[in-house]
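Visitor: Right, I'll just put the structure down here and ask away after.
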Amino acid sequence: MMRRGRTRAARRFAKCDRGAALAEFALVLPLLVVMLGAVIEITRGVYQYHVVAKGVQDAARFLSRREEVVEDGNCPPGGNWSTAEALARNLALTGSTSGSDYTMAHWNDPNTITVTVNCTSGSTMVSPLASGAGATIPIVEVTARVPFNDIGLLGFLGIEPLTISATHSEMGVGG
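Counting from 2, one number per residue, gives the positions in the sequence shown under this note's numbering.
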């Protein structure tokens, strides 16, 4: 009699599906949390890349319109070019040449921004400054390499720190 009671209780327990959804959810929850973290990391990466690319683009456009880039037809630029570079770095980092709050709190080092001016000549290039064979045209290139500011998921997964890199080039046209 005692044995029959146990087997009946065991059969009832085996047929019972109360709490099955909770058990399945408990199995899936860690995967969902990791997927949510991955979506957040990707979103932060896209946002940070956009901010860096926009800053670099603004800095290159700013420098391409400076008089120093084409001063006296000299290439590379002369005059107050170092001052113009500092203003462009401020523009990339803060959105303003005079400086203000950083567009991203962790991107506050002007040394992450590289400015180069390449003097290109050739018959296929046309510029408001010069054209034709042998014309020298300055090309301003601004590059930024910024460490990605993650929420910690990449380190937890053993992935090396990432770097966001953006480059923009503009033809120097002066002011």
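All C-beta atoms, glycine included, are put in the ideal place defined by N, C-alpha and C. On a predicted model such as this, the values are computed, not experimentally measured, just so you know.
Take the Cβ of V29 as the centre, count every other Cβ of all protein chains shown within 10 Å, and call the residue buried at 16 or more, exposed below.
Guide: Locating residue 29 in the sequence shown gives position 28, counting from the first residue. Counting Cβ neighbours within 10 Å, V29 comes out exposed, since fewer than 16 surround it.
Visitor: Can you find the residues in the same chain that come closer than 8 angstroms, C-beta to C-beta, to A22, ignoring five residues on each side of it along the sequence?
Guide: In the sequence shown, residue 22 corresponds to position 21, counting from 1. No residues qualify anywhere along the chain.
Visitor: In three-state DSSP terms, what is M43?
Guide: As a working mapping, residue 43 is identified with position 42 in the sequence shown. Checking the displayed sequence, the identity of residue 43 turns out to be Ile instead of Met. It is helical.
Visitor: Would you call the stretch 38-52 and the stretch 160-170 in contact, with 3 or more CB pairs under 8 angstroms?
Guide: Yes, the stretch 38-52 is in contact with the stretch 160-170.
Visitor: Would the stretch 80-87 count as touching the stretch 52-71 if we require 3 or more Cβ pairs under 8 angstroms?
Guide: With a cut-off of 8 angstroms, the stretch 52-71 and the stretch 80-87 count as touching, because enough Cβ pairs lie within range.
Visitor: T121: which of G173, I138 and F157 sits nearest, CA to CA?
Guide: Here residue 121 refers to the residue found at position 120 when the sequence shown is read from its first residue. Taking only the C-alpha atoms, the option nearest T121 is I138.
Visitor: Quick check: the Cα distance between C104 and P148, rounded to an integer number of angstroms?
Guide: As a working mapping, residue 104 is identified with position 103 in the sequence shown. As a working mapping, residue 148 is identified with position 147 in the sequence shown. Here the sequence assigns Thr to residue 104, which means Cys is not the residue at that position. Those two C-alpha atoms are separated by around 14 angstroms.
Visitor: Among V57, G46 and H107, which one has its Cα closest to the Cα of E86?
Guide: Start at 1 with the first residue of the sequence shown, and residue 86 comes out as number 85. Ranking the options by Cα distance to E86, first place goes to V57.
Visitor: Considering N91, what are the terminal residues of the alpha helix (DSSP H) in which it resides?
Guide: Counted from its first residue, the sequence shown places residue 91 at position 90. Element bounds for N91: W82 to T95.
Visitor: Measure the C-alpha to C-alpha separation of M2 and A10 and round it to an integer number of angstroms.
Guide: Here residue 2 corresponds to residue number 1 of the sequence shown, with the count starting at 1. Here residue 10 corresponds to residue number 9 of the sequence shown, with the count starting at 1. Because M2 carries a pLDDT of 47, less than 50, the predicted location of this residue cannot be relied on, and the following value inherits that uncertainty. Looking at the two C-alpha atoms, the distance is approximately 13 angstroms.
Visitor: Name the two residues that bound the continuous beta strand (DSSP E) containing I140.
Guide: Along the sequence shown, one-based indexing puts residue 140 at 139. Run containing I140: T137 to P148, per the beta strand (DSSP E) assignment.
Visitor: Start and end of the alpha helix (DSSP H) containing L154?
Guide: For the purposes of this step, residue 154 is taken as residue 153 along the sequence shown, with counting starting at 1. Start and end: L154 to F157.
Visitor: Under three-state DSSP, which class holds T168?
Guide: For this step, residue 168 is matched to residue 167 along the sequence shown. Note: T168 maps to strand in three-state DSSP.
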